[in-house]
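Report on one structure; see the data block that follows.
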């Protein structure tokens, strides 16, 4: 199956052997994003809300590069280091979906890249 790699300079470059996203048959598969600022290279982790906003902004940049936005998102996966932060993450995350939120699962994990608190991936389609 042919696919196109999608990369946005407004989102952080991958920190491993993967692409920011791949587009195949109108479906966009976006790799997990963390709160890494693409310009400075610094993590945004002064609060769980700001960290989640930065993750969502990185996803938004990649979606935009593919000509999509959050209204095209069908499914998200949220990985969290501490499920006690779920309510605060959920409130911030929810602010990006004005209507018809996508399917989702949230999973607590023991560790994430660069020891961040939250990582989110998504699948979108036109």
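Residue numbers (our numbering): 10 to 135.
Built from N, CA and C at the ideal position, the CB exists for glycine as well.
Bear in mind the structure is a predicted one, so any value in this text is a computation, not a measurement.
Which partner residues of residue i appear in the DSSP bridge assignment?
i	result
residue 27	Answer is none; residue 27 lacks a bridge partner.
residue 132	38, 84
residue 127	89
residue 15	30
Give the single residue among the options whose Cα lies nearest to the Cα of residue i.
i	options	result
residue 24	135, 74, 121	121
residue 21	116, 13, 41	41
residue 57	92, 71, 84, 30	92
residue 123	81, 54, 108	54
Mind checking whether residue i and residue j have CB atoms under 8 Å apart?
i	j	result
residue 36	residue 112	no
residue 127	residue 79	no
residue 132	residue 38	yes
Would you check whether the ligand SAH has a heavy atom nearer than 7 Å to the C-beta of residue i?
i	result
residue 66	Of the ligands one can find in the structure shown there are none, so the ligand SAH has no counterpart to examine.
Contiguous alpha helix (DSSP H) assignments of at least 4 residues, all confined to the region 46–123: Qualifying alpha helix (DSSP H) stretches, in chain order: 57–74, 95–103.
If contact is defined by three or more beta carbon pairs under 8 Å, each pair taking one atom from either stretch, is the region 15–30 in contact with the region 102–111? Taking a cut-off of 8 Å on C-beta distances, the region 102–111 does not touch the region 15–30, as fewer than three cross pairs fall below it.
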